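Just so we're aligned, residue 16 is where the sequence shown starts under my numbering, counting upward by one. The beta-carbon is built from N, C-alpha and C at its ideal position, and this holds for glycine as well. Model, not experiment: these values are computed from the prediction. Here the structure comes first, spelled out in structure tokens, and everything after it is commentary.
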Amino acid sequence: MPVTWGAVRGRVVFDSSQHHMFVEQQSSGFSWTGSRSLLLTDQPAVYVHDTGGLGTPVVTALDPAKDPDATIGLADRSTRLVADLTLPQGRSIRLTSGELPEPALAALTGLRGRLMPDAATTDFISPCAVSVTPWYESEPDRSALDEDDDSTPAELMAYVVVAGGRLRLRSQGKVLLEWPVNRVTVTPAGPSAAELRGGALLGGHFLTGATLHLVTPLVRRAFLAVIGSAGPGPGIVGTSAPVSVRGLGGAGARKTDCVLSEGALEFQSPETQRVLAHFDLGDPHLRIAGTAERFVVFSPAHGPVTVECASEVFGRRLYGNARLRAAAEHTLTSGVLPAELADGRPVACAFAPDGMRVKGSGVNLRIAYESIRTVEAEPKPPRAEMRLTTERTDLRIVAQPELVQALHTEVRAWSNACAGAGRIPDMLRAAVGLEEDYLLYTVFGPFYELHAALLGDVGADGLGTPVPPPGPPEERSRVAAVLQAGLGELQTHLDQVGYVLPAFLRHRDACLMAAVTGGAEPDWLKAGEAKLRVAFAPVQRAAAETAQLAGQLSRVMDLDPAALPKVSYAGAALSFGAAALLNPVFAVSGISQAYSSHAQGEQRKAQVTAQSERGWAVVLERWNALVGTALPVLGYVLTENVFGLRWESARRIGQELGAAPEAARPAVLRAVARRLATLDVMRRYPGGSGVRLRRGEIADHLRTARENVPTPRFLDF
């Protein structure tokens, strides 16, 4: 039956009255009994004819038609038409067709993307939204997905747009995906499809590329011609994401494309596709520090660059790159440290015998160590700050706490090394004095970090407060989860203290004397390790009590360990730096971050039954007695047992270093100066980014607590 469309404007590119395959999925504002038909023109305009059923036929026009009011797309590998229309008079309709014949597909190319308002300014645009098959890096298990989960669609329907050197997939006014054109490769596939290879992010999932179903061979030919004219093939085909950088081509921040492959990190201009900086991740001179959200990368070729990444998923990709992580771990021990000034400018800090160099965009300073008046640091996470002052300079450097601690150590170590070789015995004695803080924190610090987490992340002044019995079930669950995770970690930690710490102290002493012994360990140093093991034996008393507490906790509480939150050692904000490198024996930062995360309100799955309240009270009483009385006494016994041995070791080391040949003395002086600086600086910082307590605060609390331990009832004589 002929259909009267009225005064249709523009060339008709599709008429459903000639292709009887349309199904009306939903509509509003139209007759109940009539049927609808669709007509598209390249004006662009959209007409919907309603037969009206028993009433009068009506033609509703959307002229001009623009996306997203008029979404016209092809689904199922661009074989089936889908129309989603918002029309005048409050009418809307969604129609879908069966598989279209080739003449109908060819007719649709007459739209030439005209439904997109900016179609005329693009280098290429598909005639309408087309079918795109994304290639997921890890193919999702669709049988396990909820029906309503659209985070990993098997097919997208979007316009393919090339403009300004970028290839975008746009749908209803939004950019679903985009690639820099010079970071992808495109090859023909099938009669009218093209395969695109290049990393991108879609809804939190990584893609390695996509198949573009471009309707007809003619459209594909036009697309390949535009892509081919973009210039030479990519140097790197990797995962790209937009980031903000500072330090490239000016002092201010600028938007760039960050392209990450397995072996390189590149930044390029999104407007011109010019590579602004290339960092080879295998370069031994590469330095990187910070978090996956904000970091500073440095190489001698490009200087320091600050990078801010807004995509959490791309940040995880950065964090997971093995070579990037290796460069970050090397950075903390390399002597060249990338950071930022307080005003945001990226700098690289390097150290030499004649002074500290701070160099970056608009900054070039040399600071003699003798001229430094004060070095102060505020290690609050997530960004710590160090302030260095001289007569002429007031320098504020900002970075992750781990890197600021490393920077502080370097400044102190090189400053100490300015002393003459005759000061070596004095520095050794000073280092032994600081070892009390080191040992008290290293052995007992995790107990007090756990205690602070149980109390709710208190400061050093609250460490003497007993943990009260928790009230509501939610609070019991929180404390139970913290204890369940913490006691197990403490048992492992104390095992390492007994077996590893004596060997570690011996090894560090041997390294101190390596310049004069050629790497060979003296017999007296080897014999000292056995004495140290005996001196550390009282620590096993704390280990036994911790094991008994863990056993009692599991008996009195109706807890399923598998249901408790898992301990994560990834670190707060995916820190590239490894705090454990600054304390090479124990990764206490991972333990303390786990305690802190448990104390910060995560949902607890475990529940404590009412019948276990008495046993629960006994557990807390034993815990409070352990940290309030037993640990201070053990700390006293430990230091008394160990320090006679450590003073004797320092005396013997001083004698051997004093007899060092003239050529070896500078290396000896720097090694002793670094030990003194490391011990001094370490106590001024927390054990990790998830901890408020500084190491020295824990040691001070232990010393104070042992003076206040109740006096035993000994009979005077």
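Rounded separation between residue i and residue j - CA only
i	j	result
LEU649	PRO553	7 Å
GLN288	VAL328	23 Å
ARG680	ASN431	14 Å
VAL741	VAL378	This structure cannot settle anything about residue 741, because the visible part of the chain is limited to 16 through 732.
LEU646	LEU717	8 Å
GLY67	VAL28	24 Å
VAL494	LEU469	6 Å
VAL23	ALA240	34 Å
LEU498	GLU504	10 Å
GLY25	THR56	5 Å
SER31	PHE37	7 Å
PRO315	HIS300	7 Å
GLY592	LEU347	Confidence is the limiting factor: at GLY592 the pLDDT is only 47, short of 50, which leaves the residue's position unreliable and the question unanswerable from this model.
LEU233	THR167	30 Å
LEU635	VAL482	7 Å
ARG207	ARG235	Note that residue 207 is Ser in the sequence shown here, rather than Arg. For SER207 and ARG235, the distance between alpha carbons rounds to 6 Å.
GLY479	VAL458	18 Å
PRO118	GLN187	26 Å
TRP194	ALA237	18 Å
LEU96	HIS34	11 Å
PRO361	HIS293	17 Å
LEU653	ALA542	19 Å
ALA518	ALA562	24 Å
ILE439	ASP695	16 Å
ARG407	MET401	17 Å
ARG548	GLU655	14 Å
PHE313	VAL322	11 Å
ASP91	PRO116	14 Å
ALA686	ALA558	34 Å
GLY219	GLU170	16 Å
beta-carbon residue i near the ligand NAP non-hydrogen atom, thresh 7 Å
i	result
GLY267	Absent from the structure shown: the ligand NAP. Ligands present: none.
8 Å contact criterion, which residue i and residue j should meet: CB distance rounded
i	j	result
LEU708	GLU464	6 Å
ALA399	PRO416	4 Å
LEU89	VAL230	6 Å
ALA530	ALA682	4 Å
PRO149	LEU217	6 Å
VAL63	LEU123	Not quite, the Cβ-Cβ distance comes to about 17 Å (not below 8 Å), so this is no contact.
For residue i, the residue or residues it bridges with in DSSP
i	result
PRO353	ALA363
HIS293	GLU281
MET131	MET131 is not bridged to any residue.
GLN41	ARG109
CYS273	ALA256 and PHE282
VAL175	LEU184
GLU114	ARG95
ASP65	ARG51 and VAL73
GLU323	SER259 and ARG309
TYR151	LEU222
GLY88	VAL97 and ALA144
GLU193	ARG183
LEU443	Answer is none; LEU443 lacks a bridge partner.
Cβ pair residue i, residue j closer than 8 Å
i	j	result
SER93	HIS228	yes
GLN58	ASP84	no
LEU672	MET442	no
GLN283	LEU291	yes
GLY501	GLN555	no
VAL373	ARG427	no
GLU308	GLY330	yes
VAL196	ARG212	no
ILE87	ALA98	yes
ALA720	PRO484	no
ASP42	SER107	According to the sequence displayed, residue 42 carries Ser and not Asp. Yes, these two residues count as a Cβ contact at 8 Å.
ALA446	HIS423	no
LEU53	LEU110	yes
ARG269	PRO353	no
GLY318	GLY375	yes
GLU536	ALA545	no
THR223	GLY214	yes
ASP476	GLY711	no
Practice prompt. At 3 residues or longer, and completely inside the region 195-262: list those beta strand (DSSP E) runs for me, N to C.
Written response: Runs of beta strand (DSSP E) with 3 or more residues, each lying fully within the region 195-262, are found at 200-204, 208-217, 220-228 and 254-261, listed in chain order.
Item to complete: Just list the alpha helix (DSSP H) runs in the region 535-567, keeping only unbroken ones of 4 residues or longer that don't cross its boundaries, in chain order.
Response: For the region 535-567, whole alpha helix (DSSP H) runs of length 4 or above, ordered along the chain, are 538-550.
Discussion item. Which runs of the alpha helix (DSSP H) at least 4 residues long sit entirely within the region 451-519? Give them in chain order.
Written reply: You should have 488-514.
Fill in: Within the region 659-697, ranges of the alpha helix (DSSP H) (whole runs, at least 4 residues)
The region 659-697 contains, as complete alpha helix (DSSP H) runs of 4+ residues, the segments 680-697 (chain order).
Practice prompt. Entirely within the region 372-412 and at least 3 residues each: give me those beta strand (DSSP E) ranges in chain order.
Written response: The region 372-412 contains these whole beta strand (DSSP E) runs: 378-382, 389-393 and 399-404.
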